[in-house]
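Asker: This structure is in structure tokens; I'll ask about it shortly.
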Amino acid sequence: MRAWQVQELGEPRDVLRLSDLAETTPGPGQIRVRVLASAANFPDALMCRGLYQVRPDLPFTPGVELCGEVLETGDGADEFVVGDRVVGGSVLPHGGFAEEAVLEAAGSYPAPEGLDDAQAGGFFLGYQTGWFGLHRRAGLQPGETLLVHAAAGGVGSAAVQLGKAAGARVIGVVGGADKAAVARRLGADVVVDRHTEDFVSVVKEVTGGRGADVVYDPVGGGTYDRSTKCIAFEGRILVVGFAGGTIQTPSLSHALVKNYSVLGLHWGLYPGLDPNAVGECHVELSRLVGTGAIAPLVSERLALEDLADGVQRLADGATTGRVVWVAAP
Ligand SMILES: NC(=O)c1ccc[n+]([C@@H]2O[C@H](COP(=O)([O-])OP(=O)(O)OC[C@H]3O[C@@H](n4cnc5c(N)ncnc54)[C@H](OP(=O)(O)O)[C@@H]3O)[C@@H](O)[C@H]2O)c1
Numbered sequence: 081m082r083a084w085q086v087q088e089l090g091e092p093r094d095v096l097r098l099s100d101l102a103e104t105t106p107g108p109g110q111i112r113v114r115v116l117a118s119a120a121n122f123p124d125a126l127m128c129r130g131l132y133q134v135r136p137d138l139p140f141t142p143g144v145e146l147c148g149e150v151l152e153t154g155d156g157a158d159e160f161v162v163g164d165r166v167v168g169g170s171v172l173p174h175g176g177f178a179e180e181a182v183l184e185a186a187g188s189y190p191a192p193e194g195l196d197d198a199q200a201g202g203f204f205l206g207y208q209t210g211w212f213g214l215h216r217r218a219g220l221q222p223g224e225t226l227l228v229h230a231a232a233g234g235v236g237s238a239a240v241q242l243g244k245a246a247g248a249r250v251i252g253v254v255g256g257a258d259k260a261a262v263a264r265r266l267g268a269d270v271v272v273d274r275h276t277e278d279f280v281s282v283v284k285e286v287t288g289g290r291g292a293d294v295v296y297d298p299v300g301g302g303t304y305d306r307s308t309k310c311i312a313f314e315g316r317i318l319v320v321g322f323a324g325g326t327i328q329t330p331s332l333s334h335a336l337v338k339n340y341s342v343l344g345l346h347w348g349l350y351p352g353l354d355p356n357a358v359g360e361c362h363v364e365l366s367r368l369v370g371t372g373a374i375a376p377l378v379s380e381r382l383a384l385e386d387l388a389d390g391v392q393r394l395a396d397g398a399t400t401g402r403v404v405w406v407a408a409p
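As structure tokens, this is what we get:
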């Protein structure tokens, strides 16, 4: 089977190699799937560079999430049978950037029927992360103001939709006019193009000076610093990622003086520490798919051989929504 492999660390376009590999046998509790679709996530790009908190031994196949059809079940993986259509996070080094991949059965879930393969291949991580961030960590309430950075991106687009579904007023920050149009179509009430506008003054203006109750920050660096200038009394800033390249460095004296919270979010811990909550979240997210409240934004459906360029564009900040490789486009 064909699989992209990282054999040395560097820029995705330079280090991803399309190889022919033998099929893998699933271990106990695991399932082997035919990959129907797998979205590129920023962590895939960071893993190519060796800059992610997870550093698989070389060589490895990236692709941290996917939608697949079960081909084989390992010992004790009784949750599924051959032919089931599932979504979940892959077990590296057998990621989704390949014709076949491996998942933990206990960490896999039925693919929502309302999603086609490409949408399902970009559904699991972004919406799970958004749900746990906005609801479990930040306790977002109806009527509150949610500020989402990189609002036209993968996790950002999911956060915009989930914020609207929760009854919040959503302000989306994006880089460029095309992404601004995307964020508006996603349902953001107010959109700020960071290339031409200062989001701090816009947030203050549209909230009557109060600021945002919740900030969803996958960018970090100066974006985080500026967010503290427009966070509301008792606001919550979610540290989701640092796609901008600089890790957030909170000033806790500032948090004290302005009375706000800084919340770390590492969704990847939940499947191990609270698997029931992940399952319940999947049920709720599948329900929201059914009502039409959420739907993954798939901007590019690629053949497997075109995926490395897509991962590079994601790494360069040039993509919207999800770039997905699809077995049957
Ligand atoms: N905490 C968790 O559990 C968790 C789970 C999943 C993902 N994440 C993190 O969430 C972040 C976003 O992941 P994603 O896959 O959804 O990516 P993405 O948001 O689709 O892509 C990154 C976006 O960040 C913005 N950006 C700003 N400065 C950038 C720069 N210097 N280089 C590249 N992008 C830049 C760009 O949007 P604009 O131009 O519109 O600003 C870009 O489109 C990553 O840091 C990822 O590790 C965290």
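Note that this note's numbering has the sequence shown beginning at 81, numbered continuously upward. We put the beta carbon where it would ideally sit given N, CA and C, even for glycine. What you are looking at is a predicted structure, and each value in this text was computed from that prediction instead of being measured.
Can you determine whether any heavy atom of ligand 1 sits closer than 7 angstroms to the C-beta of R82, and answer yes or no?
Answerer: No; taking the cut-off as 7 angstroms, the Cβ of R82 has no heavy atom of ligand 1 nearer than that.
Asker: May I ask whether a heavy atom of ligand 1 can be found less than 7 angstroms away from the beta carbon of L172?
Answerer: Result no, Cβ not under 7 angstroms from ligand 1.
Asker: Please return the same chain residues whose Cβ sits closer than 8 angstroms to the Cβ of V162, not counting the five positions on each side in sequence.
Answerer: Once the five neighbours on either side are set aside, the close Cβ partners of V162 are V150, L151, E152, T153.
Asker: In whole angstroms, what is the alpha-carbon distance linking R93 and E145?
Answerer: The alpha-carbon atoms of R93 and E145 are separated by roughly 20 angstroms.
Asker: How about D297 and S307: do their beta carbons lie closer than 8 angstroms?
Answerer: Contact: yes.
Asker: On a CA-only basis, which of I317, A102, R135, S99 is nearest G90? Give me that one, please.
Answerer: Nearest of I317, A102, R135, S99 to G90, Cα basis: R135.
Asker: Contact between the region 119 to 126 and the region 392 to 400 is defined here as three or more beta-carbon pairs at a separation below 8 angstroms; is this criterion met?
Answerer: Contact between the region 119 to 126 and the region 392 to 400 is present, because at least three Cβ pairs lie under 8 angstroms.
Asker: Are there three or more Cβ pairs, one per stretch, closer than 8 angstroms when the region 207 to 221 is compared with the region 109 to 118?
Answerer: No contact exists between the region 207 to 221 and the region 109 to 118.
Asker: Can you check DSSP and say which residues form a bridge with E149?
Answerer: The partner list for E149 (beta bridge, DSSP) reads R114, R165.
Asker: With distances taken Cα to Cα, identify the nearest neighbour of L242 among D164, R367, S341, E184.
Answerer: It is R367.
Asker: Sort A198, A263, D389, A181 by Cα distance to E103 and report the nearest one.
Answerer: Checking every option, the nearest Cα to that of E103 belongs to A181.
Asker: Taking 8 angstroms as the threshold (C-beta atoms), are G233 and T400 in contact?
Answerer: It is a contact, given that the beta carbons lie within the stated cut-off.
Asker: Taking 7 angstroms as the cut-off, is the CB of D197 close to at least one heavy atom of ligand 1?
Answerer: D197 Cβ: outside cutoff for every heavy atom of ligand 1.
Asker: In its own chain, which residues sit with a C-beta less than 8 angstroms from the C-beta of G390, not counting the 5 before and 5 after it?
Answerer: For G390, where only same-chain residues beyond five positions count, the Cβ hits under 8 angstroms are A120, E380, L382, T399, V403, W405.
Asker: Buried or exposed: where does L332 fall if 16 or more other Cβ atoms within 10 Å of its Cβ makes it buried?
Answerer: L332 comes out exposed.
Asker: What does DSSP give as the partner residues of A231 in its beta bridges?
Answerer: Looking at the DSSP assignment, A231 forms no beta bridge with any residue, so it has no partner.
Asker: Quick check: V286 and R316, are their CB atoms within less than 8 angstroms of each other?
Answerer: Not in contact: V286 and R316 (Cβ atoms no closer than 8 angstroms).
Asker: Less than 7 angstroms separating the Cβ of H346 from some heavy atom of ligand 1?
Answerer: For ligand 1, at least one heavy atom lies less than 7 angstroms from the Cβ of H346.
Asker: Could you give the first and the last residue of the continuous beta strand (DSSP E) run that contains Q221?
Answerer: Per DSSP, Q221 belongs to no beta strand (DSSP E) and is neither H nor E.
Asker: From which residue to which residue does the beta strand (DSSP E) around F177 run?
Answerer: No beta strand (DSSP E) holds F177; DSSP gives it neither H nor E.
Asker: Determine the closest residue to L349 out of G213, L336, A191, I251, with distance taken between C-alpha atoms.
Answerer: Of G213, L336, A191, I251, the residue nearest in Cα terms is G213.
Asker: Out of curiosity, what's the CA-to-CA distance linking V342 and G325?
Answerer: V342 and G325: Cα-Cα distance of roughly 19 angstroms.
Asker: Looking only at its chain, what residues have a beta carbon closer than 7 angstroms to the beta carbon of L98, apart from the 5 residues adjacent to it on each side?
Answerer: Hits under 7 angstroms: R82, W84, E385.
Asker: Near L377, what residues of its chain come up, given a Cβ to Cβ distance below 6 angstroms and the 5 sequence neighbours on each side ignored?
Answerer: Closer than 6 angstroms at Cβ, skipping near neighbours: S237, G401.
Asker: Give, in chain order, every unbroken run of the beta strand (DSSP E) that is at least 3 residues long and sits entirely within the region 273 to 323.
Answerer: For the region 273 to 323, whole beta strand (DSSP E) runs of length 3 or above, ordered along the chain, are 292 to 297, 311 to 319.
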